[in-house]
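Worksheet: the structure to be examined is printed underneath.
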Amino acid sequence: MWHQRGERLCLIKETLPVYGHQHSGTELGGTRFRPLSFEVPKPLFPVAGVAMLQHHIEACAQVPDMKEIILIGFYQPNDELNRFISSSQQEFKIPIRYLQEFAALGTGGGIYHFRDQILSGGPAAFFLMNADVCSEFPLQEMLRFHRQHGENHCGVLLGTTANRTQSLNYGCIVENRETNEVLHFVEKPSTFVSDIINCGIYLFTPDIFGHIGKVFQRNQQERIQEELTNGKQMPEVIRLEQDIFTTLAGQKKLLVYKTQHFWSQIKSAGSAIYASRLYLKQYHQTHPERLATNRDGTPKIIGDVYIHPTANIDPSAVLGPNVSIGKGVTIGGGVRVRESIILHGAVLQDHCCVLNSIVGWDSTVGKWARVEGTPSDPNPNDPYAKIDSETLFRDGGLTPSITILGCNVSIPSEVIIRNSIVLPHKDLNRSFQNQIIL
Ligand SMILES: Nc1nc2c(ncn2[C@@H]2O[C@H](COP(=O)(O)OP(=O)(O)O[C@H]3O[C@H](CO)[C@@H](O)[C@H](O)[C@@H]3O)[C@@H](O)[C@H]2O)c(=O)[nH]1
């Protein structure tokens with residue numbers, strides 16, 4: 001059946017409220033990503049030089065017979081998203097469409113709502129991915145695994161190993177080690193369930209919609225009742241994890257494919273710097289042309305560095321490791337940048353130093369200034385540690401984290417900005433430490 005129809009499509013789901021406005025309830029579309037998500041929807045934020053979503057799209061485009069990519073969100077499409085879609089279509093030679101939900105329908109509700117579009121063309125299976133993850137996206141391996149395991153199951157979940165404490169922040173999967181069937185699935189349990197966690201990357205057959213449909217019908221009764229009693233209209237929210245996986249676990253319907261390759265969530269701005277490091281490392285195999293090299297008359301490069309071809313960098317600057325320099329950035333003499341993302345149009349004046357920071361679009365860092373943050377990397381001594389996407393505040397204070405300059409911020413010469421978040425369009429006149437500068 002697979003080969004006869006041979007059609008596949010890929011969905012990348014993301015809740016994309018317009019520029020970080022929040023929907024009630026859950027953390028959606030970039031609240032922990034502020035102030036950067038004021039300027040650009042989180043999935044378009046550049047990680048290792050390209051939009052976060054481009055990494056998903058590149059992985060999909062490499063799967064043979066991939067026919068289409070659909071992006072699902074409830075964000076009003078704007079010029080930036082449209083430009084991204086059309087340039088990606090051209091570059092990767094694959095149709096890409098954006099489907100807008102009328103409300104946040106939940107991860108299962110969204111795909112169920114658009115099931116006719118997803119199933120048009122009779123796909124044998126489709127991938128579904130969370131937009132806020134970075135991964136090597138072993139899609140072809142998942143496909144092989146799916147084929148090897150016959151036709152009874154309706155989904156393959158990508159799993160990875162986490163340590164016991166951090167596993168509680170994810171969907172936890174208990175598997176039958178011989179058959180790889182999912183025996184139990186618990187979303188963010190309060191006590192330890194399993195060290196195999198859900199990566200938010202799935203391969204489904206169309207049968208998944210039968211299972212979502214049953215939950216939809218059941219909820220429909222409750223919705224009608226609610227409407228009659230309270231006059232309130234409730235959207236058809238269905239959570240893939242709690243409402244579908246938990247029920248299907250133990251029924252031989254779901255399998256888990258465990259990856260040894262890199263994977264991380266991208267929830268906070270700090271995790272974008274970590275994700276950049278992972279992708280830059282991967283470029284050695286996939287895109288060596290994106291990595292800067294040491295040549296005469298160019299800045300000194302240490303480790304993995306991405307530089308947009310339009311950036312103007314003084315040869316006496318020293319960059320890296322893990323640095324991404326965006327379009328049109330200007331970097332003066334003697335500048336040092338390490339573990340940072342410099343967004344397009346930013347200017348780093350002579351001899352300034354930028355460490356563990358994100359410098360926003362069109363911001364300026366003055367001469368001899370120092371912009372520095374605290375990295376939020378996973379514990380390097382624990383092979384299964386994941387990045388902690390901490391909340392902004394802990395014990396009444398700002399959690400030490402990377403420094404973020406919003407767009408069009410101006411840092412004067414010879415000041416130090418440490419562990420701070422500076423909102424857009426600020427003209428600072430002194431040093432700051434551990435502050436949110438509004
Ligand atoms: N289109 C759409 N997308 C949604 C909706 N709700 C959430 N999403 C998107 O789905 C992704 C994950 O949703 P979250 O609700 O933020 O869940 P999570 O805490 O990241 O946990 C999920 O991902 C983990 C891996 O990163 C998993 O371990 C966990 O089981 C779960 O799937 C994000 O990209 C989020 O924007 C919705 O109503 N509509």
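Numbered by the UniProt record's numbering, the letters in the sequence shown go through residues 1 to 438 in order. Heads up, the beta-carbon is just placed ideally off N, CA and C, and yes, glycines get one too.
Closest by C-alpha distance to Ser135, when choosing among Pro206, Cys199, Leu428 and Thr403 = Translated into positions along the sequence shown, residue 135 becomes position 135. Comparing Cα positions, the closest option is Cys199.
Ile302 vs Gly366 beta-carbon contact at 8 Å | Position 302 of the sequence shown holds residue 302. Position 366 of the sequence shown holds residue 366. It is not a contact, given that the beta carbons lie outside the stated cut-off.
Bridge partners - Arg370, DSSP secondary structure assignment | Position 370 of the sequence shown, counting from 1, holds the residue named residue 370. Partner residues in the beta bridge of Arg370, as assigned by DSSP, are Cys353 and Ile416.
Alpha carbon to alpha carbon, how far is Thr15 from Phe33?
-> By one-based count along the sequence shown, residue 15 stands at place 15. By one-based count along the sequence shown, residue 33 stands at place 33. Here the model assigns Thr15 a pLDDT of 46, short of 50, so the residue's position is not dependable and the matter cannot be decided.
Compute the minimum distance between the beta carbon of Phe137 and the heavy atoms of ligand 1, and state whether it is under 7 Å.
-> Numbered from 1 along the sequence shown, position 137 holds the residue referred to as residue 137. Because no heavy atom of ligand 1 lies under 7 Å away, the Cβ of Phe137 does not count as near it: no.
Selection from Gly150, Arg418, Ser190 and Ile313 that minimises the alpha carbon distance to Lys253 | For the purposes of this step, residue 253 is identified with residue 253 of the sequence shown, where counting begins at 1. Lys253 has its Cα closest to that of Gly150, out of Gly150, Arg418, Ser190 and Ile313.
Is the distance from the Cβ of Gln117 to the Cβ of Leu99 below 8 Å?
-> In the sequence shown, counting from the first residue as 1, residue 117 sits at position 117. In the sequence shown, counting from the first residue as 1, residue 99 sits at position 99. In contact: Gln117 and Leu99 (Cβ atoms closer than 8 Å).
Exposed unless 16 or more other CB atoms sit within 10 angstroms - verdict on Asn379 | Counted from its first residue, the sequence shown places residue 379 at position 379. Asn379 is exposed by the Cβ-count criterion.
Inter-stretch contact at 8 Å, needing at least 3 Cβ pairs: the stretch 349-363 / the stretch 328-338 | By the Cβ test, the stretch 349-363 is in contact with the stretch 328-338, since at least three Cβ pairs between them sit closer than 8 Å.
Put Leu28 into one of helix, strand or coil per three-state DSSP.
-> Locating residue 28 in the sequence shown gives position 28, counting from the first residue. Here the model assigns Leu28 a pLDDT of 34, short of 50, so the residue's position is not dependable and the matter cannot be decided.
Thinking just about the alpha-carbon of each residue, which of Val133, His287, Gly334 and Leu280 is nearest to the one in Phe298?
-> Within the sequence shown, the letter at position 298 stands for residue 298. Here residue 298 turns out to be Thr, not Phe, going by the sequence shown. Of the residues Val133, His287, Gly334 and Leu280, the one whose Cα lies closest to the Cα of Thr298 is Gly334.
Determine, using beta-carbon pairs with one atom in the stretch 305-321 and one in the stretch 278-294, whether at least three such pairs fall under 8 Å.
-> Because the criterion of three Cβ pairs below 8 Å is met, the stretch 305-321 and the stretch 278-294 touch.
Ends of the beta strand (DSSP E) at His184?
-> By 1-based counting over the sequence shown, the position of residue 184 is 184. Annotation for His184: the continuous beta strand (DSSP E) segment containing it runs Val182 to Glu187.
Touching by the beta-carbon criterion (3+ pairs, under 8 Å), the stretch 68-86 and the stretch 200-209 = The stretch 68-86, when compared against the stretch 200-209, does not touch it at the 8 Å Cβ threshold.
Note down the Cα distance separating Val354 from Ser340, rounded to an integer number of angstroms.
-> The residue you call residue 354 lines up with position 354 of the sequence shown. The residue you call residue 340 lines up with position 340 of the sequence shown. The alpha-carbon atoms of Val354 and Ser340 are separated by roughly 7 Å.
Any chance the CB of Gly159 is under 7 Å from a heavy atom of ligand 1?
-> For the purposes of this step, residue 159 is taken as residue 159 along the sequence shown, with counting starting at 1. No, Cβ of Gly159 sits at least 7 Å from all heavy atoms of ligand 1.
Quick one: what does DSSP say Val323 is sitting in, helix, strand or coil?
-> Within the sequence shown, residue 323 is the residue found at index 323, counting from 1. In this structure, Val323 counts as strand in the three-state DSSP scheme.
How big is the Cα-Cα spacing for Cys407 and Lys426?
-> Mapped onto the sequence shown, residue 407 falls at position 407. Mapped onto the sequence shown, residue 426 falls at position 426. Their backbone Cα atoms lie some 9 Å apart in a straight line.
For Gln435, which three-state DSSP category applies?
-> Within the sequence shown, residue 435 is the residue found at index 435, counting from 1. Of the three classes helix, strand and coil, the one that applies to Gln435 here is coil, per DSSP.
What three-state label does DSSP hand Tyr19 in the structure shown?
-> For the purposes of this step, residue 19 is taken as the residue at position 19 of the sequence shown. Interpretation of Tyr19 is limited by its pLDDT of 29, a score under 50 that renders its predicted location unreliable; no figure is taken from the coordinates.
Could you give the DSSP three-state label for Lys300: helix, strand or coil?
-> Locating residue 300 in the sequence shown gives position 300, where the first residue counts as 1. Note: Lys300 maps to strand in three-state DSSP.
Helix, strand or coil at Gly108 according to DSSP, with G and I counted as helix = Residue mapping note: residue 108 aligns to position 108 of the sequence shown, counting from 1. Three-state DSSP puts Gly108 in a helix.
Just curious, the beta strand (DSSP E) that Met66 is in, first and last residue?
-> The sequence position of residue 66 within the sequence shown is 66, counting from 1. Met66: member of the beta strand (DSSP E) spanning Met66 to Gly73, first to last residue.
Since Asp382 contacts Asn163 with CB under 8 Å, what's their CB separation in whole angstroms?
-> The residue labelled residue 382 in the question sits at position 382 within the sequence shown. The residue labelled residue 163 in the question sits at position 163 within the sequence shown. 6 Å between Cβ atoms; contact.
Could you tell me whether the stretch 233-245 touches the stretch 103-121, using the rule of 3 or more Cβ pairs below 8 Å?
-> Result yes; three or more Cβ-Cβ pairs closer than 8 Å.
Given Leu248, which residues of its chain have a CB within under 7 Å of its CB, disregarding the five upstream and five downstream residues?
-> Translated into the one-based positions of the sequence shown, residue 248 becomes position 248. Excluding residues within five positions, the ones whose Cβ falls inside 7 Å are His211 and Leu254.
Looking at the structure shown, is Thr179 part of a helix, part of a strand, or coil, going by DSSP?
-> As a position in the sequence shown, residue 179 is number 179, starting the count at 1. In the structure shown, Thr179 sits in coil (DSSP, three-state: anything other than H, G, I, E or B).
Whose CA, out of Leu423, Thr399 and Leu139, lies closest to the CA of Asn434?
-> Within the sequence shown, numbered from 1, the residue matching residue 434 stands at position 434. In this structure, Thr399 is the residue among Leu423, Thr399 and Leu139 with its C-alpha nearest to the C-alpha of Asn434.
Going straight from the alpha carbon of Arg147 to that of Ala124, what length do you get?
-> Position 147 of the sequence shown, counting from 1, holds the residue named residue 147. Position 124 of the sequence shown, counting from 1, holds the residue named residue 124. Each residue's alpha carbon lies about 11 Å from the other.
Should Tyr257 be listed as close to ligand 1, given that the test is whether its C-beta is under 7 Å from any heavy atom?
-> As a working mapping, residue 257 is identified with position 257 in the sequence shown. Outside the cutoff, so no.
Kindly indicate the opening and closing residues of the alpha helix (DSSP H) around Thr286.
-> On the sequence shown, residue 286 is found 286 positions in, with the first residue counted as 1. Run containing Thr286: Ala269 to Thr286, per the alpha helix (DSSP H) assignment.
Within the stretch 171-254, ranges of the alpha helix (DSSP H) (whole runs, at least 4 residues) | Within the stretch 171-254, the complete alpha helix (DSSP H) segments at least 4 residues long are 208-230, listed from N- to C-terminus.
Assuming Pro424 contacts Pro35 (C-beta within less than 8 Å), just tell me the rounded distance between them.
-> As a first step, residue 424 must be located in the sequence shown, where it is residue number 424. As a first step, residue 35 must be located in the sequence shown, where it is residue number 35. A Cβ-Cβ separation of about 6 Å places Pro424 in contact with Pro35 under the 8 Å criterion.
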